[in-house]
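Take the UniProt record's numbering: the last position of the sequence shown gets the number 466, and nothing is skipped along the way.
In this text, a Cβ means the ideal position worked out from N, Cα and C, and glycines have one as well.
Single-structure report; data block below.
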Amino acid sequence: MNIVLILTDDHAAHAISAYGSVVNQTPRIDEIARLGRRFDNCFATNSLCSPSRASILTGTYSHVNGVTTLVTPIDASQPSFVSALRAAGYRTAMVGKWHMGDGPGHDPEHFDYWDVLIEQGEYVDPVFLSKSGRRTVPGYATDIITDLALNWISSLDGDDPYCVLIYHKAPHRPWVPPPSFADRYVTPIPLPATFDDDYATRTSSARRAAMRIAEHLTLEDLKTAPPPGLSYSAEALWKYQRFMEDYLRCVDSVDDNVGRVIDFLRARGDFDDTLLMYASDQGFFLGDHGWFDKRFMYEESLRMPLVLSCPRRVEPGVVDEMVTNVDWAQTLLEAAGVPAHPRMQGRSFWPLLTSGAYAAAEGVYYRYWEHDDVFHKAPAHYGYRTSRYKLIYFYNDGLGIPGCGWGTYPPEWELYDLELDPAETRNVYDDPAYAAVRDELTVAMWNEQARLGDKPHPSQPRPVTA
Numbered sequence: 001m002n003i004v005l006i007l008t009d010d011h012a013a014h015a016i017s018a019y020g021s022v023v024n025q026t027p028r029i030d031e032i033a034r035l036g037r038r039f040d041n042c043f044a045t046n047s048l049c050s051p052s053r054a055s056i057l058t059g060t061y062s063h064v065n066g067v068t069t070l071v072t073p074i075d076a077s078q079p080s081f082v083s084a085l086r087a088a089g090y091r092t093a094m095v096g097k098w099h100m101g102d103g104p105g106h107d108p109e110h111f112d113y114w115d116v117l118i119e120q121g122e123y124v125d126p127v128f129l130s131k132s133g134r135r136t137v138p139g140y141a142t143d144i145i146t147d148l149a150l151n152w153i154s155s156l157d158g159d160d161p162y163c164v165l166i167y168h169k170a171p172h173r174p175w176v177p178p179p180s181f182a183d184r185y186v187t188p189i190p191l192p193a194t195f196d197d198d199y200a201t202r203t204s205s206a207r208r209a210a211m212r213i214a215e216h217l218t219l220e221d222l223k224t225a226p227p228p229g230l231s232y233s234a235e236a237l238w239k240y241q242r243f244m245e246d247y248l249r250c251v252d253s254v255d256d257n258v259g260r261v262i263d264f265l266r267a268r269g270d271f272d273d274t275l276l277m278y279a280s281d282q283g284f285f286l287g288d289h290g291w292f293d294k295r296f297m298y299e300e301s302l303r304m305p306l307v308l309s310c311p312r313r314v315e316p317g318v319v320d321e322m323v324t325n326v327d328w329a330q331t332l333l334e335a336a337g338v339p340a341h342p343r344m345q346g347r348s349f350w351p352l353l354t355s356g357a358y359a360a361a362e363g364v365y366y367r368y369w370e371h372d373d374v375f376h377k378a379p380a381h382y383g384y385r386t387s388r389y390k391l392i393y394f395y396n397d398g399l400g401i402p403g404c405g406w407g408t409y410p411p412e413w414e415l416y417d418l419e420l421d422p423a424e425t426r427n428v429y430d431d432p433a434y435a436a437v438r439d440e441l442t443v444a445m446w447n448e449q450a451r452l453g454d455k456p457h458p459s460q461p462r463p464v465t466a
């Protein structure tokens, strides 16, 4: 089958109507979900752009593929699902946001055609890099990326299958929508229930984060200064509205271009036999807990939207089982009938889609490596999530961005009961009623780290029963 993977940047699942969004409608993304599967529990293993993209491509965790932070570029020669597909006879292409370094050794490899943005890229008149060098392409990035991808498919001769990665920069900060969408979302946008979260039971590790809508959005983000004379709370509401207007307008443009891909595949007669996936590289806080951005292991950041269709092979439905971005590579390869590289660490969920045998994971492991004490102040941490509980260990030092002041703070723990507290506002780590759960999860996390070949931070004592 043909494979088309559309990946966006920072598109929260709760800004997709198929996931129950109360702030916008995404009819074309919803169309994929309606005709195929919606994954309700797909999680990033490192909620940051470059590391997530590396895990998707290679089917490995950050400590294996080497892309732990925004400034650790990929060794593009390493095995990936794309290299395996190409070796099996697929034509392969990568268009849009690569964001894993550029230059010798870091440019995309294993692609017949690649045309990518430089680092984060621009929304308007973006600069692209290809084998021919750099060039500026007039227009709006989301439209251009779709144009380039569809033009490449149209140029193919013969019947060999193709795999194209259509990677958008939207809706990433600073949220520049097409000018023609300026009249959208001008009425008040609903606030999330946790907008005024007081972090009462959270650790200082979380409270230090410089991601508050009220305080940390910049003039570049907002495009215009807040009206003078507003109170702190009134200004926070104004900033939320201004941020969300542009964010959702960018999402609307993405949704329109998803529709263009669907219509193109239908016009070619390819839609029913194409594995079409739409996803984001991680989640995003949309005022949840008063924040924007991602990085943390909390649900809004951890959860990735993922919908896919292949009408000839996959019946419509919803997938509740937990999967991660590390699982995608093996899933795509199994769907294509191509063996996975033994280095890959994920678990193919293709059997979930085709009524095959599948043993659900008991939990998922997460690690955020980029300890930044200046810009976002999101501390290094790792954790383990099961269907009901989430354990987080803020070890609070380690890798960071050069020049960002690698501050070191005492280690701290958080534990959440997702059944009783789905919004994660009550840290129960020190609650005696959860002592047994806490100990069980600590052992499970330690064992999962060992299975994956990751090393616990030296500050974490070894559990007695691990």
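Bridge partners for residue i per DSSP, in chain order?
{"i": "residue 499", "result": "Because the chain in this structure spans residues 1 to 466, residue 499 falls outside the shown range and cannot be described."}
{"i": "L115", "result": "Here residue 115 turns out to be Asp, not Leu, going by the sequence shown. According to DSSP, which records beta bridges pairwise, D115 is partnered with V95, S130."}
{"i": "E414", "result": "I392"}
{"i": "residue 467", "result": "Coverage of the chain is limited to positions 1 through 466, which leaves residue 467 absent and any answer about it impossible."}
{"i": "Y368", "result": "H381"}
{"i": "F285", "result": "D293"}
{"i": "V124", "result": "Y140"}
{"i": "R135", "result": "F128"}
{"i": "R37", "result": "L308, G317"}
{"i": "R303", "result": "F43"}
Over what stretch of residues does the alpha helix (DSSP H) that includes residue i continue unbroken?
{"i": "H63", "result": "62-65"}
{"i": "E220", "result": "219-222"}
{"i": "S253", "result": "232-268"}
{"i": "M445", "result": "435-452"}
{"i": "F81", "result": "81-87"}
{"i": "S50", "result": "49-58"}
{"i": "S309", "result": "No alpha helix (DSSP H) contains S309, which is instead part of the beta strand (DSSP E) from 306-309."}
{"i": "H216", "result": "213-216"}
{"i": "R313", "result": "Element bounds for R313: n/a, residue is neither H nor E."}
{"i": "L353", "result": "350-353"}
Which one of the options has the shortest CA to CA distance from residue i?
{"i": "D164", "options": "T442, Y199, M1", "result": "First, the residue type needs correcting, since residue 164 is Val and not Asp in the sequence shown. Per the Cα distances, M1."}
{"i": "P174", "options": "E419, T224, D197, G158", "result": "T224"}
{"i": "D221", "options": "P227, R242, R202, A209", "result": "R242"}
{"i": "S231", "options": "E315, E215, R37, S348", "result": "E215"}
{"i": "K239", "options": "S253, L286, S204, I262", "result": "L286"}
{"i": "T58", "options": "S17, P79, Y382, C250", "result": "P79"}
{"i": "Y61", "options": "P463, Y416, T386, Y365", "result": "Y365"}
{"i": "residue 472", "options": "F39, H289, L308", "result": "Not covered by the structure: residue 472. The range shown for the chain is 1 to 466."}
{"i": "Y389", "options": "L415, H381, G405, Y382", "result": "L415"}
{"i": "V326", "options": "N46, P228, I3", "result": "N46"}
{"i": "Y185", "options": "M244, V318, P342", "result": "M244"}
{"i": "D125", "options": "R86, P177, G453, I166", "result": "P177"}
{"i": "G403", "options": "R268, K377, I6", "result": "K377"}
{"i": "P342", "options": "A329, P379, Y247", "result": "A329"}
{"i": "Y384", "options": "M322, P432, L353, A336", "result": "M322"}
{"i": "L48", "options": "N41, Q25, T72", "result": "T72"}
{"i": "D107", "options": "Y123, R134, E122", "result": "R134"}
Count the other C-beta atoms from every protein chain shown that fall within 10 angstroms of the C-beta of residue i, then say buried if there are 16 or more, exposed otherwise.
{"i": "N151", "result": "exposed"}
{"i": "T136", "result": "exposed"}
{"i": "S205", "result": "buried"}
{"i": "R249", "result": "buried"}
{"i": "R207", "result": "exposed"}
{"i": "L441", "result": "buried"}
{"i": "D320", "result": "exposed"}
{"i": "E300", "result": "buried"}
{"i": "G405", "result": "exposed"}
{"i": "L333", "result": "buried"}
{"i": "R37", "result": "buried"}
{"i": "S83", "result": "buried"}
{"i": "A200", "result": "exposed"}
{"i": "T218", "result": "exposed"}
{"i": "K455", "result": "exposed"}
{"i": "K131", "result": "exposed"}
{"i": "T354", "result": "exposed"}
{"i": "E315", "result": "exposed"}
{"i": "D288", "result": "buried"}
{"i": "V116", "result": "buried"}
Residue i lies in the beta strand (DSSP E); which residues open and close that run?
{"i": "C163", "result": "162-167"}
{"i": "I3", "result": "2-8"}
{"i": "H381", "result": "381-385"}
{"i": "A279", "result": "274-280"}
{"i": "S21", "result": "Here S21 belongs to no beta strand (DSSP E), and DSSP marks it neither H nor E."}
{"i": "G317", "result": "317-319"}
message: Closer than 8 Å is the cut-off here; do at least three beta carbon pairs connect the stretch 457-464 with the stretch 391-409?
response: yes
- request: Please confirm if the stretch 48-60 is in contact with the stretch 272-286, defined as three or more CB-CB distances below 8 Å between the two stretches.
  value: yes
- request: Tell me, please, whether the stretch 372-381 touches the stretch 404-411 by the rule of three or more beta-carbon pairs shorter than 8 Å.
  value: yes
task: Specify whether the stretch 252-271 and the stretch 192-211 touch according to this definition: at least 3 beta carbon pairs, one from each stretch, less than 8 Å apart.
output: no
field: the stretch 85-100 touching the stretch 153-162, judged by at least three CB pairs closer than 8 Å
entry: yes
task: Report yes or no: do three or more beta-carbon pairs, one from the stretch 31-39 and one from the stretch 14-21, lie closer than 8 Å?
output: yes
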